[in-house]
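The structure appears below as structure tokens.
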Amino acid sequence: MGVVKAPSRVTSSGRGTGVLPLLPFFIFTGFFLLWPVVAVTLRSFHGNKNEWTLANYRPILKAGPYFHAFVVSLKLSIVTAVIGSILGAFFAYVIVKYARGKFGAVIDSVSAVFANSGGVPLAFMFVAAFGTEGIVTTTLKALGWDIYAGHFTIFSFTGVVMVYSFFQVPLMVLVFKPAIAGLRREWEEASTNLGASSATYWRRVGIPILTPSFIGAFFLLFAGGFSAYATARALTVGTVPLVPIIIGTLVDGNVISDQANLGDALAVGMIVVATFAMAGYIWAQRKAARWRSS
Amino acid sequence: MKKFSLKWPLIVTSSLIAFLTFVVPLYGATVFSFRGNGGKGHSFINYQWLIHADGFYLNLFTSLKLAVLAGVLNLLLMVPTMVYLNLKGQRYKSLVDFLCILPLIIPVVSLAIGAQVAMPKILQNTEYELVFFFVIIALPYTYRALDTSLQTVALKTLVEASRSLGASWTRTIIRVIVPAIRGGITGALFLTFALSIGEYTITSLLHWETFPTWTVVAAQQNILGAIAISVFSFVGAIALLSTIAIFSKKGAQHVEVDE
């Protein structure tokens, strides 16, 4: 390769030593990431007397509060992923097209903050804006629209949807921007040269190329919304029954279940759902990568 | 020939939506946080309450300490790993890539429950156990940040040059590679820091007290104070990351010029 011959140790690492420098990483992720998952899965199949059983999974699979929690969680993540992906894709397009240089960099980091601060501060901010005494609520009321006249409260399902969108949209911007930026000028020029209008270009070239990335990002948003805990916890204090919240109350011992390891089964249930979402994400990524490598 | 341009309609529409969905809640919270006693008038009373509240400094310090440790540990683990991967370990790259994506797949709640089951008692008895999990949670982001920046430098050439001049591996990494990818390193460091300082899920499920969990408890006493904390941490994070972005953008351009 290079003209300069590197010392022998650099080039001659045999098969055996090849993995050695990666050992710290593998040990670290093995112990702090994989082992906890294995451990919780194993315990979820054990009963109160430490015997092997499927009993922990029964409450999840039959109609009841735990099954219902999965339904609500799924509904929440689908709705917020739809809102997030559509709005976020729109923003990503505008940003790629018109925001460059330092302004673009600032937008990037603001998106990163918004996307990752799906947490406690977010919940309180929304209470300040849309709570019964919130600034937006009182302003709209003064203008003659009482948003609390109907069923709406910020502590309800709709409220959680609003708050989640606040981090889903910027997350979509972050994830989807590279895909839009990856659309090559030549493709648009080529189709224009062949006589296509801008609409035809988008319909026949742009959108088909972006679709896999869009689907992939959708799955990522879905998984993120499904697993989110802090925001919903701080906002609703349990009024909206979501799986992570229920796990939290079980762990805190606020709810006593006669099944000690029910929380483990719920946690494994969440991993299963998230795994399906991520399989969708990886599949879509592979499809999207076809355009990048060529 | 001037075509009809969608530029301004698009910019105006998106700015308007962004304003309504992002600026309004942030603005609302800011105004709220300056409310006076009993929600009337304007004052700094909530911020004063905040800095005098029991546990404010203690928990802020705990969070800062854990976040700094997580940032450092993350770099110590990931910089050598990523350098080796991009240099000679391509064979393992898809495996490492997969492991680094896993924290996005595994719900943090599940990871926390698993940690309770799996971690040895000696580790569970100290708040420093959180550092390890903060590093795990940051992996998807630090992997990308370091990988992107490593791919913009001629890594093989740099390493061969440095090694053939007699530098050791440690010296090569510290004196040659780290300066070349400092954009990615700053990015990875601050992402880990930002994620750690705001982390709530694992912290609360493992029953530790840090700044975010303290906020939730404090909110039960004084919701206006909690809103003040939220505004404080949000604005702080945006200011910090924007500064870093501008700063590291410069670094990245510098590297491009060098090549």
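Those protein sequences? They're chains W and Y, same order as listed.
So the mapping is simple: this note's numbering equals the position in the first sequence, first residue as 1, plus 1330.
So the mapping is simple: this note's numbering equals the position in the second sequence, first residue as 1, plus 221.
Glycine included, every Cβ here is placed at the ideal spot set by N, Cα and C.
Check                                                                                                                            : Outcome
Cβ shell of leucine 1550 of chain W (< 7 Å), same chain only, five flanking positions each side left out                         : Val1505 and Tyr1611
Alpha helix (DSSP H) runs wholly inside the region 392-444 of chain Y, at least 4 long, in chain order                           : 403-419, 422-426 and 432-442
Contact with chain Y by isoleucine 1390 of chain W, beta-carbon distance below 7 Å                                               : no
Residue closest to leucine 371 of chain Y, alpha-carbon to alpha-carbon, out of Y:Ala447, Y:Leu306 and Y:Trp429                  : Y:Leu306
Which listed residue (Y:Val356, Y:Ala409 and Y:Asp368) has its alpha carbon closest to that of methionine 303 of chain Y         : Y:Asp368
Check: phenylalanine 1460 of chain W C-beta below 6 Å from any heavy atom of the ligand NAP                                      : Within the structure as shown, the ligand NAP is missing, as the structure has no ligands at all.
Valine 1402 of chain W versus serine 1486 of chain W - alpha carbon distance                                                     : 12 Å
Beta-carbon spacing of tyrosine 1494 of chain W, glycine 1555 of chain W below 7 Å                                               : yes
Other residues of its chain near glycine 1464 of chain W: CB distance less than 7 Å, five sequence neighbours each side excluded : Val1457 and Ala1458
8 Å contact criterion, which alanine 1520 of chain W and tyrosine 1387 of chain W should meet: CB distance rounded               : The pair is not a contact, with the Cβ atoms about 55 Å apart (cut-off 8 Å).
The region 386-399 of chain Y touching the region 265-275 of chain Y, judged by at least three CB pairs closer than 8 Å          : no
Inter-residue Cα distance where the pair is leucine 231 of chain Y and isoleucine 448 of chain Y                                 : 33 Å
Three-way DSSP call (helix, strand, coil) for histidine 1481 of chain W in this model                                            : coil
Through-space distance from valine 1409 of chain W to lysine 223 of chain Y, alpha-carbon basis                                  : Since pLDDT at lysine 223 of chain Y reaches only 48, below the 50 mark, its modelled position is unreliable, and the value read off the structure follows with that caveat. Approximately 41 Å between the Cα atoms of the pair.
Under the three-state DSSP convention, the category arginine 1388 of chain W falls into                                          : helix
Continuous alpha helix (DSSP H) stretch holding alanine 1411 of chain W: start and end                                           : 1395-1428
Rounded separation between leucine 298 of chain Y and leucine 412 of chain Y - CA only                                           : 15 Å
7 Å Cβ shell around methionine 1331 of chain W - same chain, five flanking residues per side excluded                            : No answer about methionine 1331 of chain W holds up, because its pLDDT of 41 lies below 50 and its placement is not dependable.
Boundaries of the alpha helix (DSSP H) in which threonine 1467 of chain W is found, first to last residue                        : 1465-1472
Where valine 476 of chain Y falls: helix, strand or coil (DSSP)                                                                  : Any reading at valine 476 of chain Y is ruled out, since the residue's pLDDT is 40, under 50, leaving its predicted position unreliable.
Glycine 1593 of chain W: contacting residues in chain Y (beta-carbon distance under 8 Å)                                         : Ile334
C-alpha gap between valine 380 of chain Y and tyrosine 364 of chain Y, whole angstroms                                           : 20 Å
Proximity to isoleucine 334 of chain Y [Cα-Cα], best of W:Gln1615, W:Ala1597, W:Glu1381 and W:Arg1620                            : W:Ala1597
Tryptophan 1613 of chain W in three-state terms, based on DSSP                                                                   : helix
Three-way DSSP call (helix, strand, coil) for arginine 256 of chain Y in this model                                              : strand
Test: leucine 320 of chain Y CB closer than 7 Å to a CB of chain B                                                               : Absent here is chain B; the protein component of the structure consists of chains W and Y.
Sequence-distant residues of its chain with Cβ nearer than 6 Å to threonine 1383 of chain W (five each side left out)            : Gly1377
Unbroken alpha helix (DSSP H) run spanning asparagine 295 of chain Y, endpoints                                                  : 277-308
N- and C-terminal bounds of the alpha helix (DSSP H) containing tyrosine 364 of chain Y                                          : 350-372
Chain Y within 7 Å of serine 1415 of chain W, Cβ atoms only                                                                      : no
Spatially closest choice to leucine 416 of chain Y from Y:Ala239, Y:Arg256, Y:Ala288 and Y:Tyr278, by CA coordinates             : Y:Ala288
Euclidean distance between Cα positions of valine 329 of chain Y and threonine 1467 of chain W                                   : 33 Å
C-alpha distance - valine 352 of chain Y paired with arginine 1515 of chain W, whole-angstrom precision                          : 45 Å
C-alpha distance - phenylalanine 319 of chain Y paired with leucine 462 of chain Y, whole-angstrom precision                     : 27 Å
Distance, glycine 408 of chain Y Cα to leucine 1473 of chain W Cα                                                                : 45 Å
7 Å CB neighbourhood of proline 324 of chain Y in its chain, flanking five on each side removed                                  : Ile357, Ile358, Leu360 and Pro361
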